[in-house]
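Asker:
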Amino acid sequence: MKRIAVLTGGGDAPGMNAAVRAVVRQGDALGLEVYGVQQGLLGIFEDQIQPLDLSGVGSILERGGTFLQSSRYEPFFEKEVQQDAVDRLRAKGIDGLVLIGGEGSLNAALCIHQLGLPVVGVPSTIDNDIYGTDMAIGVDTALNTIIRAVDRLRDTASSHTRAFVVEVMGRDCGYLALLAGIAGGAEAVLVPELKYDLNKLAERIRYGYNRGKKHAIIIVAEGITEKHAGQSVADHLIETTGFEVRVTVLGHIQRGGTPTAYDRLLAGRLGAAAVEQLHSGMSGVMVALQADKVDIKNLAQILSQKKTLDPNLVNLANVLSR
Ligand code: F6P
998 MKRIAVLTGG
1008 GDAPGMNAAV
1018 RAVVRQGDAL
1028 GLEVYGVQQG
1038 LLGIFEDQIQ
1048 PLDLSGVGSI
1058 LERGGTFLQS
1068 SRYEPFFEKE
1078 VQQDAVDRLR
1088 AKGIDGLVLI
1098 GGEGSLNAAL
1108 CIHQLGLPVV
1118 GVPSTIDNDI
1128 YGTDMAIGVD
1138 TALNTIIRAV
1148 DRLRDTASSH
1158 TRAFVVEVMG
1168 RDCGYLALLA
1178 GIAGGAEAVL
1188 VPELKYDLNK
1198 LAERIRYGYN
1208 RGKKHAIIIV
1218 AEGITEKHAG
1228 QSVADHLIET
1238 TGFEVRVTVL
1248 GHIQRGGTPT
1258 AYDRLLAGRL
1268 GAAAVEQLHS
1278 GMSGVMVALQ
1288 ADKVDIKNLA
1298 QILSQKKTLD
1308 PNLVNLANVL
1318 SR
C-alpha cells in the first residue's frame, strides 16, 4: 500500500479535523502518501481529491466542523455508483480509504470494501448511535455544548419559575438527551427509544414545584415525534397544567464548536489506528473505543446491530432528576 485517501461523510462532528490530522500524520510516519477527498463521497465524483501533507493539517486540531467538508450523498447507495467511485479512486492511485462519519458513511465504507478497495471506518457523529463503540468522535463536545446551554436556561427558568423544554438532536437515538439530562440536572428526559406519558411528566413537574423547585428542565430528543418535538411537549404542558413553559431548540449549535480534549484525544487515537489497520492489510473494519481501549470491529457485524440505551443510565437519570 502506497497511497491512501481520507474523507469525512454525513453530518459534521467536532473532532473530525483532529481525526483527519491523525490520519495524515500516522500515514506519513508509515511512509504512505495521504490524499484528502473534499465534500465527502460527492468529492470522489467531482475529482476533488488532493494530496495532504503534514503542514496542510496544521492548526486544524482545535477547529470544529470538517475542513475537508462533508455531504450526504444519497445516489451512492446504487451499485453502479459505488463501482464508479472505486474505479475513480483506483484511477487516482488510491489503494486504501479511511472513511470518517456516522452510520451512513460506515455503510458506504462497507460497500466500498465489498467491491475490493481496502477501507477502514472511523465512527464520528454527535448522535453516538453506532453499535460497537462506546463513543463516537464529536459526542463529548456536543454534550458539553448542551449542558452549557442547559445551565444558562436554568438561570432564567429559576428567575421566573418557568419550565423549559430543551430539544436536542437525535432522530432515532436518545443518547445525547439522556446523558445531557444526567449531566445537566434535568427534571425529565424524553427519548425515542422509551415510551413516555405527558400527563405523568406534568405530575412530576408539579411535584417538584410543590417541593419548592423554581424551575423545570425537560430535555427531549428531536426524534420523539416526527416534527417539532419540543414544541409539542410544551403545548401539551401549557394546555393541561397552565405552567409557564418556554421552548429552546438547540439545533445545529450542537454540531459546531471547538472539540473538547476528550474528542481530540479520541480522534487522534482512532484516526491513527485506522491508518495502522489499513497499512497492516485490514479492510471492512471500524476502529472503535471499548472500555477505553482502541478495538477493531467488523463493519458488517456492527452495522447489522442497533445500539441501545444503557438501562443503568436510564435508571440513574430517573433517580437523579427527583
Ligand atoms: O446525525 C447527526 C445529526 O446531527 C442528527 O442528530 C440530526 O438529526 C441530523 O444530523 C441533522 O441533519 P442535517 O444536518 O442534514 O439537518
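Residue 1179 in my numbering sits at position 182 of the sequence shown, and the numbers go up by one each step.
Built from N, CA and C at the ideal position, the CB exists for glycine as well.
(1) CB of D1260 to nearest heavy atom of the ligand F6P: below 7 Å?
(2) Does at least one heavy atom of the ligand F6P sit under 7 Å from the Cβ of G1167?
(3) If I follow the unbroken alpha helix (DSSP H) through T1245, where does it start and stop?
(4) Would you give the residue range spanned by the beta strand (DSSP E) that D1292 belongs to?
(5) Hey, is the segment 1074-1082 in contact with the segment 1014-1034, meaning 3+ C-beta pairs nearer than 8 Å?
(6) Quick check: what's the CA-CA separation for Q1036 versus L1306?
(7) Hey, how far is the Cα of V1116 from the Cα of H1276?
(8) Quick check on the DSSP output: the alpha helix (DSSP H) that includes M1283 runs from which residue to which?
(9) Over the uninterrupted beta strand (DSSP E) stretch that includes V1165, give me the two end residues.
(10) Measuring straight from C-alpha to C-alpha, what distance separates S1056 and D1050?
(11) Taking 7 Å as the cut-off, is the C-beta of E1219 nearer than that to any heavy atom in the ligand F6P?
(12) Let's see if you can read the secondary structure: which residues bound the beta strand (DSSP E) around E1030?
(13) Would you say the beta carbon of I1123 is closer than 7 Å to some non-hydrogen atom of the ligand F6P?
(14) Rounded to a whole number of angstroms, what is the C-alpha to C-alpha distance between I1134 and I1109?
(15) According to DSSP, is Q1111 part of a helix, a strand, or is it coil?
(16) Counting only the same chain and skipping the five closest in sequence on each side, list residues whose C-beta sits under 7 Å from that of A1016.
(17) Count the other CB atoms, across all protein chains shown, that sit within 10 Å of the CB of R1149; report buried if there are 16 or more and exposed otherwise.
(18) Just to confirm the assignment, what range does the alpha helix (DSSP H) spanning Q1302 have?
(19) Any idea which residues DSSP pairs Q1080 with across the strands?
(20) I need the DSSP call for I1127, collapsed to helix, strand or coil.
(21) Mind checking whether the beta-carbon of G1008 lies closer than 7 Å to any heavy atom of the ligand ATP?
(22) Tell me the DSSP secondary structure of G1118 in three-state form.
Answerer: Concretely, from the data shown:
(1) Because no heavy atom of the ligand F6P lies under 7 Å away, the Cβ of D1260 does not count as near it: no.
(2) Checking every heavy atom of the ligand F6P against the Cβ of G1167, one is found closer than 7 Å.
(3) First-last for T1245: V1242 to V1246, but that is the beta strand (DSSP E), not the alpha helix (DSSP H).
(4) Note, D1292: beta strand (DSSP E), K1290 to N1295.
(5) Between the segment 1074-1082 and the segment 1014-1034 there are fewer than three inter-stretch CB-CB distances shorter than 8 Å, so the stretches are not counted as touching.
(6) Q1036 and L1306 have their alpha carbons spaced roughly 32 Å apart.
(7) Taking the straight line from one Cα to the other gives about 11 Å.
(8) Following the DSSP letters along the chain, one finds M1283 in no alpha helix (DSSP H) but inside the beta strand (DSSP E) bounded by residues V1282 to Q1287.
(9) It spans R1159 to V1165 - the beta strand (DSSP E) in which V1165 sits, taken as one unbroken run.
(10) Looking at the two C-alpha atoms, the distance is approximately 13 Å.
(11) Placement of the Cβ of E1219 at a distance of less than 7 Å from at least one heavy atom of the ligand F6P is found.
(12) Where E1030 is concerned, the enclosing beta strand (DSSP E) stretches over E1030 to V1034.
(13) Because some heavy atom of the ligand F6P lies under 7 Å away, the Cβ of I1123 counts as near it: yes.
(14) CA-CA distance, I1134 to I1109, rounds to 22 Å.
(15) In this structure, Q1111 counts as helix in the three-state DSSP scheme.
(16) Cβ neighbours of A1016 beyond the five flanking positions: I1097, V1119, S1121, I1134, A1264, L1267 and G1268.
(17) Label assigned to R1149: exposed.
(18) Careful: Q1302 lies outside any alpha helix (DSSP H) and carries neither H nor E.
(19) The partner list for Q1080 (beta bridge, DSSP) is empty, contrary to what the question assumes.
(20) Correct three-state label for I1127: coil.
(21) Summarising the ligand content, the structure contains the ligand F6P and does not contain the ligand ATP.
(22) In the three-state reduction of the DSSP assignment, G1118 falls in the strand class.
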